[in-house]
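Undergrad: Residue numbers (our numbering): 14 to 513. My questions all concern the structure below.
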């Protein structure tokens with residue numbers, strides 16, 4: 014059935030997590046909904062498909078966790094300390110990592126709606142599982158969770174997209190693939206539809222409200238260089254090739270207010286030889302996030318970040334830009350035999366840039382592009398600086414520091430002195446951009462006079478004002494779901510208002 018044969022109240026641009034939550038929310042509130050996906054069906058879901066599926070939410074203890082994952086087996090539950098991640102802790106993290114720039118109203122909506130929104134997603138058919146494999150270490154026979162994350166989506170990003178879009182289709186929501194939104198149809202009364210392009214042919218689709226949820230501009234090398242700065246056009250893209258900023262451009266063209274950190278982005282350490290865009294066969298496994306247990310060196314063989322400044326959940330999204338700023342836009346992560354068994358699963362994939370040796374000299378000889386003598390001096394100085402009398406504990410910020418070296422390593426400092434030695438080459442992998450458009454509490458886009466634009470809503474990466482400089486891990490999917498649900502409700506309410 015073609016879109017011409019039906020009438021729609023709400024058109025949602027995009028088919029990822031935020032878009033699907035918006036579409037389902039609008040449909041649950043009585044709207045007739047169409048979704049537009051620029052990608053072919055095999056590549057649907059935007060960046061959501063490429064995520065590992067972790068979602069950050071506020072919880073007071075195991076009872077809250079069990080509302081999302083009620084089927085945790087009793088033996089696992091008995092050996093697990095989930096701890097808590099309170100609303101206040103979530104607020105503290107958001108303000109701390111964004112250097113107190115996050116928009117207070119949006120942050121309030123995000124934090125307080127995080128658990129209720131995940132519970133709502135579960136009712137729509139999304140399955141969750143505990144993150145034992147990624148967010149917990151076993152200490153003295155018990156699993157202890159760290160970093161504020163306790164659950165992830167079953168099947169990761171692909172599972173999330175499949176479950177959400179299946180739920181959408183079961184509710185009668187129509188999805189058009191290979192159908193890119195080109196511009197918004199707007200008159201003096203507001204936004205009335207979308208001009209779309211399908212295989213080179215354009216047409217207008219009319220509706221009462223539009224929800225833009227089609228990502229940031231991370232997939233556009235030109236926009237990255239223009240807004241993020243020099244060499245950002247050289248960064249790898251972790252996810253989809255379709256997030257080229259089209260939705261943001263369309264919104265700005267009808268007078269939307271630009272908002273947020275337009276020169277900032279979520280960017281991580283990513284395999285140096287990964288493809289230009291994400292590979293669905295590999296998914297998120299090109300990331301390399303065990304650096305807190307080793308050291309990172311640049312082409313001069315020098316360390317350049319505090320690898321143990323905080324749990325990786327609070328540093329990984331900003332260290333990609335630190336790597337991009339190094340000579341040649343690369344670095345090597347170095348580990349020794351004491352911690353190699355603790356490396357995350359992504360260090361064991363086949364598509365990896367890795368060298369290993371039984372000696373540090375042999376490792377240095379294989380680390381392409383790195384000054385051999387500089388690296389050996391760095392390791393010697395680092396080893397001498399480690400506070401060996403402080404016990405190593407990966408579940409807490411243990412204070413096992415390397416002092417007297419620059420930069421200081423604050424926690425989890427282990428001497429690099431036990432064979433075998435391994436090193437992994439990384440570059441910058443950009444996840445999503447922080448700049449977007451301003452929205453109000455109901456998800457409605459505001460214009461440059463800070464007034465709501467009738468009929469226009471936004472969610473997901475398009476929302477500006479939440480993230481600045483950095484990002485707490487797992488907040489992106491939660492933000493997309495929270496503001497997607499809100500935007501869908503707002504769009505449905507707008508259709509009801511206009512029908513009266």
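For each residue, glycine too, the CB sits at the ideal point set by N, CA and C. Predicted model, so just to flag it, every value in this text is computed and none were measured.
To which residues of the same chain is residue 158 closer than 6 Å at the C-beta, ignoring the five residues directly before and after it?
TA: Closer than 6 Å at the Cβ level, and outside the excluded window around residue 158, lie 95, 96, 148 and 149.
Undergrad: Looking only at DSSP bridge pairs, what is residue 438 linked to?
TA: Answer is 345, bridged to residue 438.
Undergrad: Of all the beta strand (DSSP E) runs that stay within the bounds of the stretch 433 to 498, which reach a length of 3 or more residues?
TA: Counting only runs of 3 or more, we get 434 to 446, 457 to 459 and 465 to 471.
Undergrad: Report the residue from 30, 317, 365 and 306 whose alpha carbon sits nearest the alpha carbon of residue 285.
TA: Comparing Cα positions, the closest option is 365.
Undergrad: For residue 400, count neighbouring Cβ atoms within 10 angstroms of its own Cβ and tell me buried if that reaches 16, exposed if not.
TA: Classification of residue 400: exposed, given that the 10 Å Cβ count is below 16.
Undergrad: Take residue 160 as the anchor and find which of 211, 210, 381 and 144 has the nearest alpha-carbon.
TA: When only C-alpha atoms are compared, the closest one is 144.
Undergrad: Any idea what DSSP makes of residue 154, helix, strand or coil?
TA: If DSSP states are grouped into helix, strand and coil, residue 154 belongs with coil.
Undergrad: Please go through the same chain and pick out, in chain order, the residues whose beta-carbon is closer than 8 Å to the beta-carbon of residue 124, but skip the five residues on each side of it.
TA: Excluding sequence neighbours, residue 124 sits near 71, 100, 103, 104 and 107.
Undergrad: Could you check whether residue 422 and residue 447 sit closer than 9 Å to each other, using their CB atoms as the reference points?
TA: No, these two residues do not count as a Cβ contact at 9 Å.
Undergrad: Considering only their Cβ atoms, is the gap separating residue 415 from residue 398 smaller than 9 Å?
TA: Against a cut-off of 9 Å, the Cβ pair of residue 415 and residue 398 comes out as a contact.
Undergrad: Taking 9 Å as the cut-off, decide whether the C-beta atoms of residue 439 and residue 324 are in contact.
TA: No.
Undergrad: Give the DSSP bridge partners of residue 206, in chain order.
TA: Paired residue(s): 198 and 219.
Undergrad: Where does the unbroken alpha helix (DSSP H) through residue 179 begin, and where does it stop?
TA: From DSSP, the alpha helix (DSSP H) with residue 179 extends over 169 to 183.
Undergrad: What does DSSP give as the partner residues of residue 384 in its beta bridges?
TA: Answer is none; residue 384 lacks a bridge partner.
Undergrad: Under 7 Å Cβ to Cβ from residue 453, same chain only, skipping five residues before and after it: list those, please.
TA: Around residue 453: 459 and 465.
Undergrad: Quick check: what's the CA-CA separation for residue 427 versus residue 250?
TA: The alpha-carbon atoms of residue 427 and residue 250 are separated by roughly 32 Å.
Undergrad: Taking the alpha helix (DSSP H) that residue 75 belongs to, which residues open and close that run?
TA: Counting along the chain, the alpha helix (DSSP H) containing residue 75 begins and ends at 75 to 81.
Undergrad: Report the rounded CA-to-CA distance for residue 467 versus residue 204, giving the unit in angstroms.
TA: The alpha-carbon atoms of residue 467 and residue 204 are separated by roughly 6 Å.
Undergrad: Leaving out five residues on either side along the sequence, give the residues of the same chain with a beta carbon under 6 Å from the beta carbon of residue 334.
TA: Contacts found: 280.
Undergrad: Is there contact here, the stretch 467 to 485 with the stretch 297 to 316, by at least three beta-carbon pairs under 8 Å?
TA: Because the criterion of three Cβ pairs below 8 Å is not met, the stretch 467 to 485 and the stretch 297 to 316 do not touch.
Undergrad: Excluding the 5 residues flanking residue 322 on each side, which residues of the same chain have their C-beta closer than 6 Å to its C-beta?
TA: Here the set comprises 328 and 423.
Undergrad: Which residues bound the beta strand (DSSP E) around residue 353?
TA: Note, residue 353: premise wrong, no beta strand (DSSP E); not H, not E.
Undergrad: Which value, in whole angstroms, describes the spacing of the CA atoms of residue 44 and residue 27?
TA: The straight-line gap from Cα to Cα measures roughly 17 Å.
Undergrad: Alpha carbon to alpha carbon, what distance is there between residue 293 and residue 337?
TA: Rounded to the nearest angstrom, the two C-alpha atoms are 24 Å apart.
Undergrad: Report all residues from its chain with a CB closer than 8 Å to the CB of residue 493; omit the five preceding and five following residues, and keep chain order.
TA: If we look at residue 493 and ignore the five residues flanking it on each side, its Cβ neighbours are 29, 30, 31, 34, 61, 226, 472, 473 and 474.
Undergrad: Taking Cβ positions, are residue 228 and residue 258 nearer each other than 9 Å?
TA: Yes; because the gap between Cβ atoms is below 9 Å, this pair is in contact.
Undergrad: Determine the contact status of residue 562 and residue 372, defining contact as a CB-CB distance below 9 Å.
TA: Nothing can be reported for residue 562, as the shown portion of the chain is limited to 14 through 513.
Undergrad: I'd like the list of long-range same chain contacts for residue 315, defined as Cβ closer than 7 Å, with 5 residues on each side in sequence excluded.
TA: So the qualifying residues of the chain are 387 and 391.
Undergrad: According to the neighbour-count rule (16 or more other Cβ atoms, all chains shown, within 10 Å of its Cβ), is residue 136 buried or exposed?
TA: Burial call: exposed.
Undergrad: Give, in chain order, every unbroken run of the beta strand (DSSP E) that is at least 3 residues long and sits entirely within the stretch 256 to 329.
TA: Qualifying beta strand (DSSP E) stretches, in chain order: 278 to 284 and 308 to 310.
Undergrad: For residue 153, does the count of other Cβ atoms within 10 angstroms reach 16, so buried, or fall short, so exposed?
TA: Looking at its Cβ environment, which holds fewer than 16 other Cβ atoms inside 10 Å, residue 153 is exposed.
Undergrad: Buried or exposed, going by whether 16 or more other CB atoms sit within 10 Å of the CB of residue 222?
TA: By the 10 Å Cβ count, residue 222 comes out buried.
Undergrad: Nearest to residue 80 by alpha carbon, out of 142, 224, 361 and 378?
TA: Here the closest residue by C-alpha is 142.
Undergrad: Determine the burial state of residue 230: buried for a count of at least 16 other Cβ atoms within 10 Å of its Cβ, exposed for fewer.
TA: Buried.
Undergrad: Mark residue 480 as exposed unless 16 or more other C-beta atoms lie within 10 angstroms of its C-beta, in which case mark it buried.
TA: With 16 or more other Cβ atoms within 10 Å, it is buried.
Undergrad: According to the neighbour-count rule (16 or more other Cβ atoms, all chains shown, within 10 Å of its Cβ), is residue 288 buried or exposed?
TA: Classification of residue 288: exposed, given that the 10 Å Cβ count is below 16.
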